[in-house]
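Read through the structure below, which is laid out as structure tokens, and then see the notes.
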Amino acid sequence: MSSHSQVSEQLLTYLETKSNGRTVLTVPDGKYKGWLPKSLYSLELDELYLPFMRLYTFPVRGSSLGSLTSLKVFHAVGNYLQTIPNCFTQISELQKLNLSYNNLSELSQSIFKLTSLVELNLCENSVERLPPEIGELKNLRHLNIGGNLLSEVPEQMSQCKKLQILNLSGKWSPRGGLRTLPTSVCNLPELLTLDCSWHQIDTLPDEIGNLKKLKILSLRGNHLKYISKKIADCTNLQELHLTAAMRFIPKIPVALLNLKSLVKLNISGNYFTTIPPEISGLENLKVFLMQKNALLQLPEEFFNLQQLEEIELSDNYLETIPGSIRRLHVLRKLSVCNNKLKFLPNEISSCQSLQSLNLAHNLLEEIPDTFHRLDNLDFLNLTENKLKRLPLLLDQLTGLEKTNGIFLQGNYLIKPRQEICDQGVGALFKYLKEIRVSEANHRRKMILTGAVKAGKTSLRNALLLGRSRLTADDERTWVLERHLWEPEESLRVQILDFGGHHIYSAAHHMFLTSEALHILVFDLNVFSCDPESYDFRIGDWLEGILDRAPGASIQLVGTHADLCNENEIAEKKAYILEKMHSEENTKIDNLFMEINQLKEKLDSTQKQDTGKSGFSDFDVERDSEKVSHLLRMVNTRVKLPDDISTVSCADDLVGINEFVDRVITTLKESEQRPLPKSWYSFLIELQQREEKILHWNDTLKIFTDLMKSLGQSMISMEGSPEKSLQVILKYFHATGEIIWYYDNPKLNQLVFHRPETLIDMLRSIFRHDFEDIMVYHRHLGLKVNMTEEQFRNAKQLFLHEGMMSVELLRYTLCHFQLDVSALETFTSLMLKFDLCYEIPINEINVSLLDYTRLLLFPWFLPDVSPANLVSKWPAQVPKDTVQLTIQFQFPKKGPPNFFEKVSVRFQNYVSYCDGWRNGIYARYNLSKCLLQKEKKELNGQNMMLVTLSVRGSDMQELWGLIHASWHDMLGLLHEWPFALVEIKLLCSHCIMTGNEEPYQFSGKVLERRCPKGVYHVQCPNQKDCPIPACFVYFLDPEFQEDLPKHIQTTVDFMHRCNILMQTMDDIDGSSANTGLLSDLGLRYLAAKLGKDWFAVGLQLGLQQADIERIQLDHPSDSFKQIFTLLVLWRDNNRDNSNRIAELLDALRISELNAIVAELKNKYAIEDS
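Letter by letter, the sequence shown follows residues 1 to 1168 of full-length UniProt numbering.
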């Protein structure tokens, strides 16, 4: 193969066809070095690129180029071409010609015959003259002839009417150069970009105003002495470059400051000492460059340019930066290096969009402590200043750590020392964190609470980030979030942001403390001046704080103030303050009233003979303790705020600074308490532990080992390690560093040294979006040994019935990447905090046998009651059945989550339950229970009622259930000591006889055991009908000496009221018998039998061994012995239809004919 063919083939490898169908040949840089293969001219090309090939000329004097007639684009950049061949005229379709960076000294006429040219690039040659024929290029849109030696521009240039981009910039050369801005250029109506830099132009004529569409004008390095005011007519001008172009002008021409559309202005390299006030006219300016001038100060008007994003003021003589810089909210880059700055204003911290800040080579001795608010900063140059200390919060600028973009060389740093700074950003920031934790004088916890969508998270963003950011639905707080806020070096604040959804509130009380500052946030825009809106957005949340955190500080914040006018804000604030203080004063008055009543009662008791008064010493002691407790409540009552902060949620953040100042002042009102070195060391040790939760003994060992290593004496630490540890942990808990429930005996053995562990675990379950967020992933299922079907069934069980299996809980923790090893501790914690209760798994409910353990969360129970509830609990009390009912009556809604917590504790007393959102049906032995919550109007007032009813025949068992639940409810109310509640015992006589409005006895009767010898009381609804005293006063569930008499009274009452079973099916359904064989009937008989019961038992066919065993099982309780014997006989003879006759015969043989006659009369038993 010939070498010519080889070259041709090689050339073809550079050939390609573009997607638009064009054939393009691009010869690689320097490929042929001074020559071209002739085969090139035989190709059909649309585009040809010949860069940096050292071409001096084209073959055959370039005539061969004429054969490329279809060429549209020709580039020969970076060669040594001195002339342009005449054959160019034959390439009549050429649109783009680039001959830049060659040695052309003159332009061939052939170029100007190319009338199709759109782009012509001849920059960086040595052309001295632009021929008049340039006007022939009517289609030219882009002409670049910059970097040549032009000294004039022909008038014919104005004929290029389509020209949009024109570069006429000169060279750095003593030769050539324009003296004036060519008039022909000023007559190009479509011109968008004009560059006439590096000439000797001294005048910008009036004709400049003709360039109405001009957007970019560059006149760098000229000798301007005059700028026409007509430049203001360039109304579309966006960029103006005048670097070193105005050295003969003493002041910045005002004409330039009327360019309303100007976005970028570069006046660097001049000699200006001031900036005119008229600078504020550049209202759209984003970039201002004034490097290397003689600027002495910045005018206030400069900071009206609120669109500024970049400012370059290096190499001037500035000594200060005005505080007005705070107005530049979108400033991203500021360079003031090589000036005379001695200090920076605190207001610079308001420029929170700032990303790059160059302050090198100044005279700065310190920088503001608020510098950490520049949270977008990723470049900071402070080299060659006189800094002695750095703000301790500087490490919060995490962007600097990511980019290693902080420079501190050449200073006089003492704190931290220069050696630490020289080790890099990581070492510096670690030091700052440690010294700040150890030296903070004020450590507080702050809680943000309020209804859903109140603006809590946006407010938190404003505090932490210094800016508002509206929160999307998927970004809203769920359960709660924990954040560290350090507004000042000496102030360390743990912020807890509570989610506002009602499900989340179940866990809120776990984090409320008296030592915290509580910020109650509400949406001022949607708030309306009515009780319902007040309760929902403020009142209910306020009560939760007042009741759960006595003595705490509270501030109210109304958000979205930007959406309200001044009158609306004033009206709503006045309403809130008046209602808040009015309700509080009412509560205080009620407290004092109760205190005075108790004191009067105690005084009256002390004046009487205790033995005759009816009050026991126990009653006196209990009332005295109650008085003391109420007085403590008064003395620790929270002082409500006298004002309400209002803030905007818009970008301007109006009101946020005043709010922050108020918050900081409140947080610093507590006594300064620097952290002792040993405490700090212990805190660091805890934070470095890998365990998620620490037990008390482990924590104590960590503490004692550390104290020994520090040589710390126990004498100076409360005398013992245990007491010392308690003091330290209490302090850390109060300041939010850890979570330790020291006053809860169930939980004080656990230390949550990583609070986020507890928070994350709670967040994994108490989600309003659990159904959407919790989906099956095979790798997680394999990890916890759970199939997709098992997951689906367990999830449905939780969503529809509120029951979560341990298997699903384990999967949930894995789903949220939490520590499954803490499952048992977490489960125990939720049980102890009454967030759930455990359901026994047995053969009764076969569908639950697939699970090893089930937890029921009342907050997730179904909304509707079971379909079979009516059959289990008929509206009318069945005959032969006693019903006891207590009711807690709350105005409006009552304490949050009270019913749910009561329902959790209720499980301790029952063996079976079936629950729904507002109720629980349960059983214990043969007694039935119904716990319900309902809203109802009583005496013209909306009330929330929590009612517990129990039905059965065992009065001791019924009272045991009532009394235990009553005690639990009272215990829960201690969490809401100011909750208004009326406790009532509903009259059993009224309920059992069908009275729809039963009499309500005061709950105080529940405090008193049934008096000995009292068996009847009066029902106020029917005073002529005595009712059993055991319907009103409780019977001891363990031992009631006169129980038989109470049972007799009960049966007599039921017989008299015709609610005693007469003729109905036996309980085992064997035959038609009377109610004598029911539990209540046998209890009545047991109450009638005396010492002869032994003989009756033998007559009934029971063995003496059976009777003796019964006696051993119930020693000292003859009634239970008799009742047990009768039940045993009944149950052993279920198939005997003559049981009643046999029982009566046994009584007759035992010579108890009077009892037989009474039973026959009471139970309507006919002679057989």
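Glycine included, C-beta positions come from ideal geometry on N, C-alpha and C.
Contact annotation: the region 653-669 does not touch the region 687-703, with fewer than three C-beta pairs closer than 8 angstroms. For K701, the enclosing alpha helix (DSSP H) covers residues W696 to L710. A Cβ-Cβ separation of about 6 angstroms places L341 in contact with L364 under the 8 angstroms criterion. Each of N748, H963, G919 and A245 was checked against the Cα of L945, and the nearest Cα belongs to G919. Taken through DSSP and simplified to helix, strand or coil, I545 comes out as helix.
At a Cβ-Cβ threshold of 9 angstroms, R443 and T735 count as neighbours. One thing to note: F1034 has its Cβ no nearer than 9 angstroms to the Cβ of W976. Counting every other CB atom within 10 Å of its CB across the protein chains shown gives M593 a total below 16, marking it as exposed. Distances from the CA of V1127 to each of C160, A1154 and I1107 were compared; the closest alpha carbon is that of I1107. For F592, the three-state secondary structure derived from DSSP is helix. Taken in chain order, the unbroken stretches of alpha helix (DSSP H) that lie wholly in the region 784-837 and span 4 residues or more are 788-801, 806-815 and 823-832. When only Cα atoms are considered, N1161 and G952 end up about 23 angstroms apart. Ranking T203, D1042, V877 and R1056 by CA distance to the CA of G1090 puts D1042 first.
Taken in chain order, the complete beta strand (DSSP E) segments of 3 or more residues contained in the region 171-205 are 193-195. The alpha carbon of W679 has as its nearest neighbour, out of N697, S670, I693 and F703, the alpha carbon of F703. Where P721 is concerned, the enclosing alpha helix (DSSP H) starts and stops at P721 to A734. Contact between L972 and V902 holds, with the beta-carbon distance rounding to 6 angstroms and staying under 8 angstroms.
Residue state for V654 is assigned as coil, using DSSP reduced to three classes. Nearest neighbour of E489 by Cα position, chosen from H518, L496, F527 and E439, turns out to be E439. Judged by DSSP secondary structure, K162 falls outside any alpha helix (DSSP H); it is assigned neither H nor E.
With contacts defined as CB atoms closer than 9 angstroms, F1119 and P1028 fail to qualify as a contacting pair. In the three-state reduction of the DSSP assignment, N148 falls in the strand class, which pools E and B.
L694 and D603 have their C-alpha atoms roughly 51 angstroms apart. Residue pairing by DSSP leaves A1029 without any beta bridge partner. The C-alpha of L948 is placed about 11 angstroms away from the C-alpha of A964. In terms of CA proximity to L97, K72 leads the group K72, F1123 and T812. For H967, the uninterrupted alpha helix (DSSP H) run begins and ends at M955 to L973, by DSSP.
Comparing alpha-carbon positions, the option among Q1099, W1093, L168 and D772 lying closest to T812 turns out to be D772. With respect to the 9 angstroms criterion, L81 and T115 are not classified as neighbours on the basis of their beta carbons.
Residue environment for N102: buried (at least 16 other C-beta atoms within 10 angstroms of its C-beta). Non-local C-beta neighbours of K264 in its own chain, meaning closer than 6 angstroms and more than five positions away in sequence, comprise E239 and V287, ordered along the chain. Bridge pairing for I739: F752 [DSSP]. The beta carbons of W198 and R179 sit about 13 angstroms from each other, so the pair does not count as a contact at 8 angstroms.
Around the Cβ of T1124, a 10 Å sphere holds 16 or more other Cβ atoms; the residue is buried. Annotation: S228 to D29 spans about 47 angstroms, alpha carbon to alpha carbon.
Note that the C-beta distance between K783 and C814 is below 9 angstroms.
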